[in-house]
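Okay, structure first, notes after.
Number of protein chains: 2
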Amino acid sequence: MRVLILGIDGYLGWSLALRLASKGYTIGGIDNFSRRECVSEMDSHSALPIHEMPERLKAFEDHFKKELFFSKGDLIHYDFVEQIFRDFKPEAIVHLGENPSAPYSMIDAKHAAWTQTNNIVGTLNVLYAMKNITPQGHLIKLGTMGEYGTPNIDIPEGFFEIEYRGRKENLPFPRQAGSWYHQSKVHDSNNVMLACRIWGLRSSDIMQGIVYGSRILEMNEDDRLLTRLDFDQCFGTAINRFCCQAVVDQPLSPFGKGHQKRGFLPLKDSIQCLTLVIENPPAQGEYRVFNQFEEVYDITQLALKVKSVGRDLGLKVEVKNVENPRYEAEEHYYKPDHKKLLELGYQPTKDMEAEIHIMLQDLIKYRDRIEAKKEVLIPDIHWDGKRKKVTYFHGK
Amino acid sequence: MRVLILGIDGYLGWSLALRLASKGYTIGGIDNFSRRECVSEMDSHSALPIHEMPERLKAFEDHFKKELFFSKGDLIHYDFVEQIFRDFKPEAIVHLGENPSAPYSMIDAKHAAWTQTNNIVGTLNVLYAMKNITPQGHLIKLGTMGEYGTPNIDIPEGFFEIEYRGRKENLPFPRQAGSWYHQSKVHDSNNVMLACRIWGLRSSDIMQGIVYGSRILEMNEDDRLLTRLDFDQCFGTAINRFCCQAVVDQPLSPFGKGHQKRGFLPLKDSIQCLTLVIENPPAQGEYRVFNQFEEVYDITQLALKVKSVGRDLGLKVEVKNVENPRYEAEEHYYKPDHKKLLELGYQPTKDMEAEIHIMLQDLIKYRDRIEAKKEVLIPDIHWDGKRKKVTYFHGK
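Chains as they are written, first to last, in the numbering used here: chain V, 3 to 398; chain F, 3 to 398.
Here it is as structure tokens:
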């Protein structure tokens, strides 16, 4: 199968390319390297050193004995997107080519507009290229569990059957996302659903939980195959950031009361799930939604897990809550379904401690890289637009 | 009260300015004249001749003996938007400054991207300017009934209380819009709702039905005060287009089976409702939704009304269905609530025939303008991206 990965230079994109190549797929990829630029803008870098694309492509070829068809370019230019579809003729398109940061989108009006434009226009262009060039293709679109927000009822996988004033209907589950970035993903979901309805395209829309972890099996033999791992306030995700804090002896910092509940999954589970979705495409014209995570955890619970594993490795680790720069519920009901991937054969790792152990060992090797930029672990971007470092709580 | 009208050069914007001025309000307005440009791009013009802005402003001043604070500019430039808010300090902001055309958004990838970017970024910039400059202001945001689509259950006004798996919650009603344009309005609604939640702004989001009619009372004394009336496939609305067809002896052309049901209201009712909403602001932090229309009609029913009134005026009028260039349900359940505006005091006109009569008389005066461009009354933009004039049905 010919799989085109949009955003192949990223955390998930690069990892997925390695997995699919190891399974014999033909891989194409595009990237505009905006993630590298945005992380620089945050005065940070990846904790794990990654190479420039030419060296990555060389490592890929050395390892898999075949070419990765890479093209540098930006999804917001339709002509570029259409040309890639013409040249590569993908059977599956994995769309990871969006800006994934909530805090980045909340900096100011310009970052809000850029995030939404970048994500929405990129996705529209992919939909048009599919319609015009590869209408039988399968779009695997990365959304986020954050699209749903935290309603006071169970969250189904995309759609729910309800009764209202005596009539029944199967409806998209209402989205209540909490940042301009999360809203951009809601907008995308709505656009992708429409394209499937009016053009008969097919898509799997992945509401993904928060991914953590530093590697998948395919990276073990060659450090040149490592993927990026961010830890700045904008592009680092919760557990990855906690592990980086642990490594440089900075207190782990849950936001506010620290009882936000979210779905999490290790990097290797994310790649396992995406592969399953690619291998089990929907029918032509179908728009289906997966909630992709292993289990729901409370943020403080996670911090305590990192503390426990970190201490086994001889790290001094403390947990100290900081004021919450976000506007979000800190104690809430949260029960999202996650059955459809299990039905496709997803086998959850179910050993978070082991994953954290591996990640901490990886990060300890690169402690100096984190130490050099440790300031970026403390957020200063607030949801009300203010820019000021959060302070640690004195007592809880 | 100081009211800033975004898109003041448009069909509703200009009409609302006249009404509010006649009630003694101080009016500010901005426009980038993109509507004029887009209508030219469709090789069309307004059926009613409207003047350039300097003459419109002069007529306004002659009539109301006060200034209209106009500034030319584009909502997608944040610095421009913020400057206007600083200079004019609006207490109410009526946001009509979006591209309102479904077919225009369906032309190709570039028109889709432009429509969504233009509308979404403009609205984000307005929200940021409110947060930064006038956080007590009241945003009256024009959405569309088309955001809801045509679900097989009743449509509430924005939110509905449901029970799901034994728990209750009040949720935003799911949107299932049918074009990139309609989706842009859904995206806006989601963004505005978020801004109210996280920043404590207040907004009235108007899900408006299809507006028809050529004038409001304030235009009767001076033809320079007329508002635009479009009839091309992109910017003309259903009844207005039927009336233009009647005037140039072209068969009225419902799409497909012609049993699409939609909510409609005359121009003067739209202006009455918007004025009521401005005069009855929500509480700080509140996001409320109105379904703004007078009554639901079947498209064919409307064509027959235009035919009947047209024949009274001596016009030969036929109704002949054409193939449907859109992807939409042509026979469906449709029962949207519309109580909240009545509760605020809205007094519906309830005499569609009289409104059509006035409009036909206005249009007969400018028959030559419609005759010169009558080709644009027959659509050629299809939802599947094809560009080909629709054909009349031979028998039904």
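Note that CB positions come from ideal geometry on N, CA and C, so glycine has one too.
Residue closest to residue i, alpha-carbon to alpha-carbon, out of the options
i: P338/F; options: E296/F, Y348/F and E377/F; result: E296/F
i: K68/V; options: H79/V, L20/V and D232/V; result: L20/V
i: F244/F; options: N172/F, K376/F and F62/F; result: K376/F
i: I59/F; options: D224/F, S272/F, K367/F and P350/F; result: It should be noted that the sequence gives Leu, not Ile, for residue 59/F. Comparing Cα-Cα distances from L59/F to each of D224/F, S272/F, K367/F and P350/F, the minimum goes to D224/F.
i: G2/F; options: F66/V, N154/V and F72/V; result: Shown here, chain F extends from 3 to 398; a query on residue 2/F therefore has no answer.
i: L228/F; options: L14/F, H340/F and N323/F; result: L14/F
i: H359/V; options: E373/V, R369/V and D314/V; result: D314/V
i: V324/V; options: I280/V, Q138/V, P158/V and K390/V; result: K390/V
i: T35/V; options: I7/V, Y27/V, S48/V and D76/V; result: The question names Thr, yet the displayed sequence has Phe at residue 35/V. Answer by Cα proximity: D76/V.
i: P327/V; options: G260/V, T152/V and D300/V; result: G260/V
i: I32/V; options: L22/V, V5/V, K25/V and S46/V; result: V5/V
i: L70/F; options: P381/F, W116/F, V96/F and I7/F; result: I7/F
i: Y335/F; options: S310/F, D300/F, L343/F and I29/F; result: D300/F
i: L362/F; options: N242/F, W116/F, A374/F and E93/F; result: N242/F
i: F233/V; options: I29/V, E39/V, L50/V and Y27/V; result: L50/V
i: S103/V; options: T152/V, R37/V and V378/V; result: R37/V
i: D190/F; options: D353/F, D156/F, Q118/F and F162/F; result: Q118/F
i: E332/V; options: A197/V, T152/V and L267/V; result: T152/V
i: E330/V; options: Q286/F, K388/F and R199/F; result: R199/F
i: G99/F; options: R226/F, G12/F, N193/F and S73/F; result: G12/F
i: D64/V; options: S24/V, E39/V and K91/V; result: S24/V
i: T136/V; options: E163/V, D89/V, K263/V and A114/V; result: D89/V
i: Y130/F; options: F161/V, V392/V, G387/V and S17/V; result: G387/V
i: K263/V; options: Q138/V, D364/V and Y150/V; result: Y150/V
i: K352/F; options: V291/F, F266/F and D251/F; result: F266/F
i: W201/F; options: D156/F, V41/F, G287/F and L173/F; result: G287/F
i: K322/F; options: I380/F, H79/F and E281/F; result: I380/F
i: C1/F; options: R226/F, P92/F and S48/F; result: For residue 1/F there is no data in the structure shown, the boundaries of chain F being 3 and 398.
i: P283/F; options: A61/F, V308/F and I95/F; result: I95/F
Paired residues, beta bridge with residue i - DSSP
i: T28/F; result: R4/F
i: K74/F; result: D33/F
i: V96/V; result: I7/V and I142/V
i: G265/V; result: V298/V
i: I358/F; result: In DSSP, I358/F forms no bridge with anything.
i: E39/F; result: Partner(s): none; E39/F has no beta bridge.
i: F257/V; result: V324/V
i: N172/F; result: E163/F
i: I383/F; result: R389/F
i: Y394/F; result: V324/F
i: P338/V; result: I157/V
For the region 282-335 of chain V, list the alpha helix (DSSP H) runs that are entirely contained and at least 4 residues long, ordered along the chain. If we require 4 residues or more, the alpha helix (DSSP H) runs fully inside the region 282-335 of chain V come out as 301-314.
Would you call the region 189-209 of chain V in contact with the region 140-158 of chain V, where contact means no fewer than 3 C-beta pairs closer than 8 Å? By the Cβ rule, the region 189-209 of chain V counts as touching the region 140-158 of chain V, because three or more pairs are nearer than 8 Å.
If you pair each beta-carbon of the region 231-245 of chain V with each one of the region 216-227 of chain F, do three or more pairs fall below 8 Å? Contact annotation: the region 231-245 of chain V does not touch the region 216-227 of chain F, with fewer than three C-beta pairs closer than 8 Å.
Validate contact between the region 92-110 of chain F and the region 176-187 of chain V using beta carbons, cut 8 Å, 3 pairs: The region 92-110 of chain F and the region 176-187 of chain V do not touch, with fewer than 3 CB-CB distances between them shorter than 8 Å.
According to a CB-to-CB cut-off of less than 8 Å, which residues of the region 374-393 of chain V neighbour chain F? The residues in question are W385, D386 and G387.
Please list, in chain order, the residues of the region 149-160 of chain V that have any C-beta partner in chain F closer than 9 Å. Interface annotation for the region 149-160 of chain V against chain F: P153, N154, I155, D156 and P158, criterion Cβ-Cβ distance under 9 Å.
Select from the region 113-142 of chain F all residues with a C-beta closer than 7 Å to any C-beta belonging to chain V, and list them in chain order. Cβ contacts with chain V come from A114, A115, Q118, T119, I122, V123, L126, N127, Y130 and K133.
Would you list, in sequence order, the uninterrupted beta strand (DSSP E) runs of no fewer than 3 residues that lie entirely inside the region 194-240 of chain V? Listed in chain order, the beta strand (DSSP E) elements of length 3 or more contained wholly in the region 194-240 of chain V are 204-210 and 212-214.
Three or more C-beta pairs below 8 Å linking the region 170-178 of chain F and the region 352-372 of chain F: In short, these stretches do not touch, since the Cβ pair count stays below three.
Which residues of the region 173-197 of chain V have a Cβ closer than 9 Å to any Cβ of chain F? Give them in chain order. Flagged, chain order: L173, P174, F175, P176, R177, Q178, A179, G180, S181, W182, H184, Q185, S186, V188, H189, N192, N193, M195 and L196.
Any chance the region 264-283 of chain F sits against the region 70-90 of chain F, with 3 or more Cβ pairs inside 8 Å? Taking a contact to require three or more Cβ pairs closer than 8 Å, the region 264-283 of chain F and the region 70-90 of chain F do not qualify as touching.
Does the region 115-134 of chain F come within contact of the region 247-256 of chain F, defined as at least 3 CB pairs closer than 8 Å? No, they do not touch.
Contact list for the region 70-85 of chain V against chain F, Cβ threshold 7 Å: Residues Y80.
Any contact between the region 286-296 of chain F and the region 366-382 of chain F? By contact I mean 3 or more CB pairs, one from each, below 8 Å. At 8 Å Cβ cutoff, the stretches do not touch.
Chain-ordered residues of the region 96-111 of chain F with a beta carbon less than 8 Å from chain V: Result list: D110 and A111.
Go through the region 102-162 of chain F residue by residue and report every complete run of the alpha helix (DSSP H) that reaches 4 residues or more, in order. Whole alpha helix (DSSP H) segments, 4+ residues: 104-107 and 111-135.
Using a Cβ-Cβ cutoff of 8 Å, what residues of the region 310-334 of chain F are near chain V? List them in chain order. Against chain V - using a Cβ distance shorter than 8 Å - the residues of the region 310-334 of chain F are Y329.
Residues of the region 30-47 of chain F with a CB closer than 9 Å to any CB of chain V: list them in chain order, please. Listed in chain order, the positions of the region 30-47 of chain F with a beta carbon within less than 9 Å of a beta carbon of chain V would be empty, since no residue qualifies.
Of the residues that make up the region 250-264 of chain V, which ones have a beta carbon closer than 7 Å to any beta carbon in chain F? Look at the region 250-264 of chain V: it has no residue with a C-beta under 7 Å from a C-beta of chain F.
Please identify, using Cβ separations under 8 Å, the residues of the region 226-243 of chain V that lie next to chain F, in order along the chain. Residues: none.
Mind checking the region 284-308 of chain V against chain F and listing, in chain order, the residues whose C-beta falls within less than 8 Å of any C-beta there? Those would be none; no residue qualifies.
Quick one: which residues of the region 209-227 of chain V get their C-beta closer than 8 Å to a C-beta of chain F? List them in chain order. Per Cβ criterion, the list is empty.
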